[in-house]
Amino acid sequence: MNVSNRTLFISDNLPILRGIDSETIDLIYLDPPFNTKRQYKAPIGSPAEGASFKDIWTDSDIKHQWHGEIAETHAELYQVIQASEAIYDKSMRIYLTAMAVRLFEMQRILKPTGSIYLHCDPTASHYLKLVMDSLFGKNGFRNEIAWNKYIGRKNNARKKFGTQQDILLYYAKKSALFNPQYEPLSESAVKEYRHKDENGRRYRYARRGKGYESIGGKRKIYLDENLGIAIGTLWVSKDLQLGQSSGERTGYPTQKPLALLERIIKASSNEGDIVLDPFCGCATACVAAERLNRQWVGIDISPSAETITKIRLEEASEQGQLFSPIQMSDVTVTKQAPIRTDASDTAKQRTLSSYRTHKNELYGRQEGHCNGCGLHFRIRNLTIDHIKPQIKEGTDHIGNLQLLCGSCNSIKGDRPQEYLYQRLEEQERALKEKLRGYET
Ligand SMILES: C[S@@+](CC[C@H](N)C(=O)[O-])C[C@H]1O[C@@H](n2cnc3c(N)ncnc32)[C@H](O)[C@@H]1O
Ligand SMILES: [Zn+2]
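FYI, the numbering for the sequence shown is 221 to 660, going by the working numbering.
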């Protein structure tokens, strides 16, 4: 592991994720922007004052190169992302592209026993599920959890039902760890254990019903052996919500409750394991990890995340809420991306990547079309061509490069671009003539 416990990166998470060694993280929780087309701001006067982030997606949020990267490694995912623009709108394509390149890294850095919880809402959850299926495989899917985030009813229920839940897409690698979680029994259920045995243990008798006779009638069920009610995929409980006046509130926009993170961390990690939150905001996941004796790494692009994280950790430590007290000098805050220590033959990778980077960049710029005939192709069916041929001293600079399909590439050969266009025009004219011949 090339990142140490209690590190907070103040940076775009992509370069950080790219710098983390493969298969080193036990659990990832991410609560990214949801493509809600809103700007979030912390209220003035709150400890998080000044914190803000935008959830509006435009061309400037993605790089051309990412199209090619996705098209090259996950051709089917590329198609899903392209289709989202036609079904929804352009912002969805941009949002999913930005998420896919990051989720791709998260999949890489998760241990074979690791799990990931992607927190989203119904705006994009169904698109993100396709992205996750593509990256983790259909067997990687574990649960879609509906978390009831509001206390009481939502009042946006006049023209449709009020949305009350966020969605957690829970995926895991093949040999993922899972610790079942239970809710305590209700008071009335506890009251049913009204008998006491000679050792003072409370019990009740098994209820009549299926199998009752086969277990010999009056079987005793002990209260201390009852783990509680196994938790399912509907997370509806006041304890999991962040009340308006909760002492936990920092004012950070979209802050999540500690209890929610604690449930996830308990279910999918053990003490000492490493929890990563790449969109950590006011560090709810980091504080929850610290309370449960896990290691943590947080990343947030907003500089205000640093102040608020330190205030939170310091207060929690002073109030004895952490597993063991910590000093702020134990926390490393940095902008510097880690350097991978696990990449073998790095020189070879670099040369390969410069060709790939160009190809990926061009694929994005040309939006998957051949620069000659204009038809759409899979990335593997396009090749890099020098617009001004190398024999005429055309350079390797990206400005002199283009992607052509096999047919256009063989027409052009080492000739200039005008030659290709002329030949394509001729071909088109000839085709039209032929079609006219059929019509008459
Ligand atoms: C929904 S909030 C997370 C809230 C967090 N779960 C909490 O409880 O405080 C999303 C966060 O993602 C951060 N963010 C947005 N784009 C980012 C990026 N590219 N890299 C890192 N952080 C980013 C924002 O600054 C914001 O704090
Ligand atoms: Zn072509």
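C-beta atoms are modelled at their ideal positions from N, C-alpha and C, and glycine is treated no differently.
query, result
"Counted within 10 angstroms of its Cβ, other Cβ atoms place Asp634 as buried (16 or more) or exposed", "exposed"
"Segments of 3+ residues assigned as beta strand (DSSP E) that fall wholly inside the stretch 447-480", "none"
"Nearest-residue set for ligand 2, Cβ under 5 Å from any heavy atom", "Cys590, Gly592, Cys593, Cys625 and Cys628"
"Whole-angstrom distance between Tyr390 and Ile559, CA atom to CA atom", "29 Å"
"Which of helix, strand or coil DSSP assigns to Cys506", "helix"
"For Gln637, the first and last residue of its enclosing alpha helix (DSSP H)", "Gln637 to Glu659"
"Beta-carbon proximity of Ile494 to Asp246, cut-off 7 Å", "yes"
"Where Phe273 falls: helix, strand or coil (DSSP)", "strand"
"Leu297 versus Leu316: straight-line alpha-carbon distance, rounded", "10 Å"
"CB contact flag (Gln385, Trp367, <7 Å)", "yes"
"Three or more C-beta pairs below 8 Å linking the stretch 255-268 and the stretch 466-486", "yes"
"Same chain, Cβ closer than 6 Å to Asp562, neighbours up to 5 away in sequence not counted", "Asp241 and Ser242"
"Beta-bridge pairing of Lys440 - partner residues as DSSP gives them", "Tyr425"
"heavy atom of ligand 1 below 6 Å from Asn255 C-beta", "no"
"Whole-angstrom distance between Ala557 and Gly452, CA atom to CA atom", "38 Å"
"Of the listed residues Ser311, Arg532 and Thr527, nearest to Thr554 (C-alpha basis)", "Thr527"
"Helix, strand or coil at Thr527 according to DSSP, with G and I counted as helix", "helix"
"Whole-angstrom distance between Leu624 and Glu587, CA atom to CA atom", "12 Å"
"His287: first and last residue of the uninterrupted alpha helix (DSSP H) it sits in", "His284 to Thr293"
"Minimum C-alpha distance to Cys500 - residue among Leu478, Lys486 and Glu648", "Leu478"
"Reduced DSSP category for Asn363 - H, G, I as helix; E, B as strand; rest coil", "strand"
"Any non-hydrogen atom of ligand 1 within 6 Å of Lys476 CB", "yes"
"Cutoff 8 Å; reference Thr278; Cβ partners in own chain excluding five residues on either side", "Ser311 and Ile314"
"First through last residue of the alpha helix (DSSP H) which encompasses Arg414", "Segment: none, Arg414 is in no alpha helix (DSSP H) and carries neither H nor E."
"For Leu316, the residue or residues it bridges with in DSSP", "Leu316 pairs with nothing; no bridge assigned."
"Close Cβ partners of Lys440 (< 7 Å) along its chain, the five nearest in sequence each way excluded", "Tyr423 and Tyr425"
"Three-state secondary structure (DSSP) of Leu542", "coil"
"Reduced DSSP category for Leu250 - H, G, I as helix; E, B as strand; rest coil", "strand"
"Secondary structure of Asn368, DSSP reduced to three states", "strand"
"Local conformation of Lys261 per DSSP, three classes", "strand"
"Cβ-Cβ distance between Leu640 and Gly594 below 7 Å", "no"
"Enclosing alpha helix (DSSP H) for Tyr347 [first to last residue]", "Ser345 to Phe356"
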